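Numbering (full-length UniProt numbering), first residue to last: 1 to 389.
Note that CB positions come from ideal geometry on N, CA and C, so glycine has one too.
Here the structure is a predicted model, which means the values were calculated and not measured.
First up is the structure itself, then whatever we jot down about it.
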């Protein structure tokens with residue numbers, strides 16, 4: 001705890017050294033908060049998808065992290081599509097840790113910031129014990145029209161306790177208003193990147209070289225809904241381009257099998273941005289790539305990798321669905337139809353072989369990132385911490 005700063009209790013099941021969009025967002029959030037008068041206390045799990053462990057307690061200048069050990073490494077990805085089961089798995093350990101911590105330390109907490117539905121549920125119990133200002137960030141589009149009515153009731157019941165709801169996009173905001181949550185409490189926020197770090201590099205001086213005129217890059221968890229199987233099928237059919245992959249996940253063996261027999265498919269491992277050397281490799285890959293490919297098969301939220309790609313001057317190739325159309329214009333993104341398959345992706349990438357990255361496209365992406373994807377986007381979060389109602 002930091003008596004001279006405003007203490008923010010951040011509750012989220014996922015945090016570093018786990019790797020993903022939410023984890024990257026939280027890393028940048030606590031860095032931003034520390035520079036703006038806040039001290040972050042993070043309650044989270046040890047990674048649920050990998051055997052890599054972080055310190056049980058980690059402390060920095062402007063933050064502290066408390067990690068809970070939980071059973072079933074790898075179980076989360078198996079249950080991810082089964083909401084009741086994944087909720088039942090993720091909820092108990094973090095709930096117990098959060099309640100005990102909050103009871104002991106609530107006098108020093110300025111605001112509670114929950115991330116995701118599990119954390120939001122835990123936050124409600126904290127509020128019922130000792131009332132504090134409550135903020136929740138959604139990190140997904142719920143697509144209520146395609147889900148059981150129970151989910152709609154559950155989301156409304158939980159989020160109605162919160163003073164401010166930070167929706168992952170305008171799409172998310174509108175679906176929350178539609179189920180009856182008050183519009184005045186909901187704001188859509190844009191993610192952000194450090195544009196001083198994620199910037200175009202001289203492609204003649206990169207540590208990675210390519211023997212092809214066109215290079216594609218995908219950075220994602222290796223699970224089916226991210227479209228990694230479509231990407232691999234396209235790579236097997238298009239031999240005139242190199243296909244780079246960064247990430248890990250359930251489909252690792254499938255990725256390894258394709259890499260072993262396809263000279264144009266390059267697996268670059270898991271690149272952690274908190275590791276300077278690995279971050280350098282990732283930045284080189286973004287600049288090497290002519291296009292950043294994200295063939296997701298669901299309504300994507302506010303993907304941080306899309307922001308990183310644009311900031312480094314690389315055009316994303318993405319389906320026109322979910323949140324991305326609300327924050328990336330067609331000037332800086334190549335949109336495919338909302339529903340895609342391997343054939344559509346292959347034909348799209350085949351058509352882009354004759355359109356390599358140019359200085360004009362790099363400049364256009366860069367200017368867009370500087371205008372719309374910088375640190376100024378984070379002010380909506382700090383504003384939400386202060387009561388103005």
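Q) Taking Cβ positions, are residue 266 and residue 231 nearer each other than 8 angstroms? A) By one-based count along the chain shown, residue 266 stands at place 266. By one-based count along the chain shown, residue 231 stands at place 231. Not in contact: residue 266 and residue 231 (Cβ atoms no closer than 8 angstroms).
**Q.** Residue(s) in a DSSP beta bridge with residue 175
**A.** Working through the chain shown from its first residue, we reach residue 175 at position 175. Residue pairing of residue 175 in beta bridges, as defined by DSSP: absent, with no partner found.
Q: Using the DSSP secondary-structure output, state which residues sit across from residue 66 in a beta bridge.
A: Your numbering for residue 66 matches position 66 in the chain shown. Its beta-bridge partners are 43 and 57.
**Q.** Cβ neighbours of residue 187 in the same chain (closer than 8 angstroms, five flanking residues each side left out)
**A.** For the purposes of this step, residue 187 is taken as the residue at position 187 of the chain shown. Contacts found: 164, 165, 166, 167, 173, 380 and 384.
Q.
Starting from residue 133, trace the beta strand (DSSP E) in both directions and tell me its first and last residue.
A. Along the chain shown, one-based indexing puts residue 133 at 133. 133 to 137 is the span of the beta strand (DSSP E), which, as asked, contains residue 133.
Q: Assign residue 166 to one of three DSSP states: helix, strand, or coil.
A: Against the chain shown, residue 166 aligns to sequence position 166. Strand at residue 166.
Q: Check each candidate in 352, 64 and 371 and name the one with the smallest Cα separation from residue 404.
A: Because the chain is modelled from 1 through 389, residue 404 falls outside the range shown and cannot be assessed.
(Q) Assuming residue 9 is part of the beta strand (DSSP E), what are its boundary residues? (A) On the chain shown, residue 9 is found 9 positions in, with the first residue counted as 1. Counting along the chain, the beta strand (DSSP E) containing residue 9 begins and ends at 6 to 11.
Q) Helix, strand or coil for residue 318 per DSSP? A) Taking the chain shown and counting its residues from 1, the one referred to as residue 318 is at position 318. The answer is strand: DSSP assigns residue 318 an E or B state.
Q. Roughly how many angstroms lie between the CA atoms of residue 348 and residue 195, to the nearest whole one?
A. By 1-based counting over the chain shown, the position of residue 348 is 348. By 1-based counting over the chain shown, the position of residue 195 is 195. Rounded to the nearest angstrom, the two C-alpha atoms are 29 angstroms apart.
Q. Should the region 213 to 228 be regarded as contacting the region 244 to 254, the criterion being three or more beta carbon pairs within less than 8 angstroms?
A. Contact between the region 213 to 228 and the region 244 to 254 is present: 3 or more CB-CB pairs across the two stretches fall below 8 angstroms.
**Q.** CB contact flag (residue 362, residue 200, <8 angstroms)
**A.** For this step, residue 362 is matched to residue 362 along the chain shown. For this step, residue 200 is matched to residue 200 along the chain shown. Taking 8 angstroms as the Cβ cut-off, residue 362 and residue 200 qualify as a contacting pair.
Q) Is residue 397 buried or exposed, if buried means 16 or more other CB atoms sit within 10 Å of its CB? A) Absent from the model: residue 397. The displayed extent of the chain is 1 to 389, so no value can be given.
(Q) Quick check on the burial criterion: 16 or more other C-beta atoms within 10 angstroms. Buried or exposed for residue 276? (A) Stepping through the chain shown from its first residue, residue 276 is reached at position 276. Flag for residue 276 reads exposed.
Q: Return the CA-CA distance between residue 197 and residue 17, expressed in angstroms with no decimal places.
A: Looking up residue 197 in the chain shown gives position 197. Looking up residue 17 in the chain shown gives position 17. Rounded to the nearest angstrom, the two C-alpha atoms are 20 angstroms apart.
Q) To the nearest angstrom, how far is it from the Cα of residue 108 to the Cα of residue 15? A) Stepping through the chain shown from its first residue, residue 108 is reached at position 108. Stepping through the chain shown from its first residue, residue 15 is reached at position 15. Whole-angstrom Cα-Cα distance: 23 angstroms.
Q.
Here's the rule I'm using: 16 or more other beta-carbon atoms within 10 Å means buried, otherwise exposed. How should residue 46 be labelled?
A. As a working mapping, residue 46 is identified with position 46 in the chain shown. Buried is the call here.
Q) If you compare alpha carbons, which of 280, 119, 104 and 323 is closest to residue 206? A) As a first step, residue 206 is located in the chain shown; it is residue number 206 there, counting from the start. Among 280, 119, 104 and 323, the Cα nearest to that of residue 206 is on 280.
Q) Which residues in the same chain have their Cβ closer than 6 angstroms to the Cβ of residue 39, if we skip the five residues on either side of it in sequence? A) Indexing the chain shown from 1 puts residue 39 at position 39. So the list reads 2, 5, 7 and 62, once near-sequence residues are dropped.
Q) Can residue 13 and residue 79 be called in contact, C-beta distance under 8 angstroms? A) Sequence index remark: in the chain shown, residue 13 carries index 13 (1-based). Sequence index remark: in the chain shown, residue 79 carries index 79 (1-based). Against a cut-off of 8 angstroms, the Cβ pair of residue 79 and residue 13 comes out as no contact.
Q. Should residue 241 and residue 264 be called a contact, given that it needs their Cβ atoms to be closer than 8 angstroms?
A. In the chain shown, counting from the first residue as 1, residue 241 sits at position 241. In the chain shown, counting from the first residue as 1, residue 264 sits at position 264. In this structure, residue 241 lies near residue 264, with their beta-carbon atoms less than 8 angstroms apart.
**Q.** Stretch-stretch touch, CB-based, cutoff 8 angstroms, three pairs: the region 89 to 105 with the region 343 to 358
**A.** no
(Q) Please report the straight-line C-alpha distance between residue 58 and residue 48, rounded to a whole angstrom. (A) Looking up residue 58 in the chain shown gives position 58. Looking up residue 48 in the chain shown gives position 48. The alpha-carbon atoms of residue 58 and residue 48 are separated by roughly 18 angstroms.
Q. Counting Cβ pairs, one atom from each stretch, are 3 or more of them under 8 angstroms apart for the region 251 to 261 and the region 313 to 323?
A. no
**Q.** residue 347, enclosing alpha helix (DSSP H) - first and last residue
**A.** For the purposes of this step, residue 347 is identified with residue 347 of the chain shown, where counting begins at 1. 342 to 351 is the extent of the alpha helix (DSSP H) around residue 347.
Q | Counterpart residues of residue 234 in DSSP-defined beta bridges | A | By 1-based counting over the chain shown, the position of residue 234 is 234. Beta bridge pairing from DSSP links residue 234 with no other residue.
Q.
In whole angstroms, give me the CA-to-CA distance for residue 132 and residue 126.
A. The residue given as residue 132 occupies position 132 in the chain shown. The residue given as residue 126 occupies position 126 in the chain shown. Straight-line Cα distance between these residues: approximately 8 angstroms.
Q.
To the nearest angstrom, how far is the alpha carbon of residue 152 from that of residue 364?
A. To locate residue 152, count along the chain shown from 1; it is residue 152. To locate residue 364, count along the chain shown from 1; it is residue 364. Spanning the two alpha carbons is a distance of roughly 40 angstroms.
**Q.** residue 266 in three-state terms, based on DSSP
**A.** The residue given as residue 266 occupies position 266 in the chain shown. Reduced to three states, the DSSP call for residue 266 is strand.
Q: Return the first residue and the last residue of the beta strand (DSSP E) that residue 390 is part of.
A: The first residue shown for the chain is 1 and the last is 389, placing residue 390 beyond what the model contains.
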